Amino acid sequence: MRSVDPWPAAAVLRRLPPVARLRTDFDVEAMRSDLDLLESRTWSKIRIMTGDGLGAAATNSDWRTIPLRSIGGQASRTDPGGPDLADFADTPRLDHLPYFQQAIGSLPHPVRSARLMALGPGARSPLHSDTKLGLPWGVVRLHVPVVTVPEATLSFGDKHYCWPAGQLWYADFTRGHTVQNTGALTRVHLVVDVEVSDSLIGLFPPPFIERENIKEYLFPLPPIPLTRGPAELECDFAAPTSFLSWEELDDVFLEDASRTPVSIRQVAGELVVFVGGKPRFGLVHVGSDEFRWAGWTTERSIQMCLYEATPHVVLRTRRGSQAWSLVAEARRAAEVAGDMLLAPQQAGIDQ
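Below, the structure is given as structure tokens:
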């Protein structure tokens with residue numbers, strides 16, 4: 010995450026308000042009853058997710074979280090998630106919080122991460138923006154205030170927001186923003202990342218539901234069972250280095266002359282992207298041998314075309330109605346293994 014990303018990285022965002030109240034409310038007392046079940050020691054520092062993977066704690070101030078859904082359902086993953094080896098799942102903590110479980114389950118699916126986030130007295134974030142967290146990339150961040158205080162605010166420039174408890178709110182966090190609490194009490198929000206869908210858009214007010222704007226949202230493709238065996242899609246190719254970082258602007262990889270060797274192999278029956286010999290991303294099939302990265306949307310995908318006259322992969326990025334693609338020659342893993350077996354024999358002949 011850059012301190013402040015260029016805004017707007019998608020033109021449609023300029024036409025939309027920075028915040029919007031959605032047409033859903035929640036039971037404040039039920040949420041606070043669940044909150045009372047939690048102990049102070051269960052709150053942890055928030056970590057960030059960067060284009061290089063899981064980062065350090067986001068701030069030294071009193072800004073803490075309890076993950077309710079995370080990558081792989083890991084209770085230790087206090088980050089919001091992103092491209093990873095696994096998709097999102099409930100954490101064990103959610104089993105003990107019945108109303109939060111109900112509230113998250115009532116939101117439009119798929120739900121990605123869900124976290125309780127506490128902003129303590131005196132806490133303040135640096136000015137920052139959240140890369141590709143928005144309608145044009147297929148995912149939005151929603152807030153449900155649980156405990157509010159007037160002094161705890163979200164700020165976009167000189168505009169400050171303090172939302173009432175129990176309401177569902179959207180904000181465009183790709184804009185530079187800060188959060189701060191100048192009061193004496195802790196503010197707590199339920200923060201949920203939700204993929205863009207028809208049911209989600211139906212909760213928004215005008216102008217979000219205008220057709221001209223909707224066509225610039227990315228509606229991620231759902232997972233589809235793979236018809237081939239995973240071993241049939243194992244391959245090697247070289248990718249622009251920038252393609253491997255989801256934080257890069259969508260079309261940057263087209264002009265990137267640098268190349269990084271990539272291997273796709275099956276691990277426990279699932280396809281995994283290896284970079285530098287290390288597993289980096291799980292792959293989720295979305296149809297026609299095209300895969301998104303686990304933990305991500307179809308903003309970034311790899312399509313394997315290994316049984317054509319010239320085997321290749323198509324590297325693709327999307328933003329709303331736009332798409333960019335690059336073809337890279339590939340070799341099926343079986344052929345690579347065959348060459349390695351022949352090499353010692355050929356060496357013996359040459360001698």
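The sequence shown finishes on residue 360 if you use our numbering, and the numbering steps up by one all the way, no holes.
Just so it is clear, CB atoms sit at the ideal spot from N, CA and C, and this is done for glycine as well.
Remember, predicted model here, so these are calculated numbers, not experimental data.
> Helix, strand or coil for Ile273 per DSSP?
Replying inline: Your numbering for residue 273 matches position 264 in the sequence shown. Ile273 falls in the strand class under three-state DSSP.
>> Let's test the definition: count the other Cβ atoms within 10 Å of the Cβ of Glu299 and tell me whether it reaches 16, buried, or not, exposed.
In response: Position 290 of the sequence shown, counting from 1, holds the residue named residue 299. Buried: at least 16 other Cβ atoms inside 10 Å.
>> Measuring alpha carbon to alpha carbon, tell me which residue in Val197, Val148, Met313 and Ala248 is nearest Ala132.
In response: As a first step, residue 132 is located in the sequence shown; it is residue number 123 there, counting from the start. Answer by Cα proximity: Val197.
> Can you tell which of Thr33, Thr326 and Gln83 has its C-alpha closest to the C-alpha of Ile113?
Replying inline: As a working mapping, residue 113 is identified with position 104 in the sequence shown. Per the Cα distances, Thr33.
> So what's Tyr170 in DSSP terms, helix, strand or just coil?
Replying inline: Residue 170 sits at position 161 when you count from the first residue of the sequence shown. Correct three-state label for Tyr170: strand.
> Does the separation of the CB atoms of Ile80 and Gly64 fall below 8 Å?
Replying inline: Along the sequence shown, one-based indexing puts residue 80 at 71. Along the sequence shown, one-based indexing puts residue 64 at 55. Going by beta carbons, Ile80 and Gly64 fall outside the 8 Å limit.
> Helix, strand or coil: how does DSSP classify Asp61 here?
Replying inline: As a first step, residue 61 is located in the sequence shown; it is residue number 52 there, counting from the start. Coil, per DSSP.
> If you run the structure through DSSP and keep just helix, strand and coil, what is Pro76?
Replying inline: By 1-based counting over the sequence shown, the position of residue 76 is 67. Of the three classes helix, strand and coil, the one that applies to Pro76 here is strand, per DSSP.
>> List, from N- to C-terminal side, the alpha helix (DSSP H) runs of 4 residues or more that fit wholly inside the segment 14-49.
In response: 37-45
> Contact between the segment 330-346 and the segment 257-274: three or more CB pairs below 8 Å?
Replying inline: They touch, by the three-pair rule.
>> DSSP has Val293 in a bridge; who is on the other side?
In response: Residue mapping note: residue 293 aligns to position 284 of the sequence shown, counting from 1. DSSP, once it has assigned bridges, lists Arg301 as partnering Val293.
> DSSP state of Tyr108, grouped into three classes?
Replying inline: Start at 1 with the first residue of the sequence shown, and residue 108 comes out as number 99. Tyr108 falls in the helix class under three-state DSSP.
> So, Ser12 versus Pro135, is the Cβ gap smaller than 8 Å?
Replying inline: To locate residue 12, count along the sequence shown from 1; it is residue 3. To locate residue 135, count along the sequence shown from 1; it is residue 126. Cβ atoms of Ser12 and Pro135: closer than 8 Å.
> To the nearest angstrom, how far is it from the Cα of Pro26 to the Cα of Leu142?
Replying inline: Taking the sequence shown and counting its residues from 1, the one referred to as residue 26 is at position 17. Taking the sequence shown and counting its residues from 1, the one referred to as residue 142 is at position 133. Using only the alpha carbons, I get a separation of about 15 Å.
>> Closest to Gly211 by C-alpha separation, out of Ala29, Glu317 and Ser138, would be which residue?
In response: If you number the sequence shown from 1, residue 211 lands on position 202. That would be Ala29, whose Cα lies nearest to the Cα of Gly211.
> Does the beta-carbon of Leu46 have 16 or more other beta-carbons within 10 angstroms, so that it is buried, or is it exposed?
Replying inline: The sequence position of residue 46 within the sequence shown is 37, counting from 1. Exposed, since its Cβ has fewer than 16 Cβ neighbours within 10 Å.
> Taking the DSSP output, what are the residues bridged to Glu279?
Replying inline: On the sequence shown, position 270 is the one that residue 279 refers to. In DSSP, Glu279 forms a bridge with Val276.
>> Suppose only complete runs of 4+ residues qualify. What are the alpha helix (DSSP H) ranges in the segment 210-259, listed by chain order?
In response: Listed in chain order, they are 220-223.
> If we count the other Cβ atoms within 10 Å of its Cβ and call it buried at 16 or more, is Thr191 buried or exposed?
Replying inline: Taking the sequence shown and counting its residues from 1, the one referred to as residue 191 is at position 182. With fewer than 16 neighbouring CB atoms inside 10 Å of its own CB, Thr191 falls in the exposed class.
>> Does Ser272 pass the burial test, meaning 16 or more other C-beta atoms within 10 Å, or should it be called exposed?
In response: Residue 272 sits at position 263 when you count from the first residue of the sequence shown. With 16 or more Cβ atoms within 10 Å of its Cβ, Ser272 is classed as buried.
> Which residues does DSSP pair with Thr187 in a beta bridge?
Replying inline: Counted from its first residue, the sequence shown places residue 187 at position 178. Looking at the DSSP assignment, Thr187 forms a beta bridge with Ser164.
> Can you find a C-beta in chain D that's less than 8 Å from the C-beta of Pro76?
Replying inline: Judged by its chain identifiers, the structure shown contains no chain D, having just a single protein chain.
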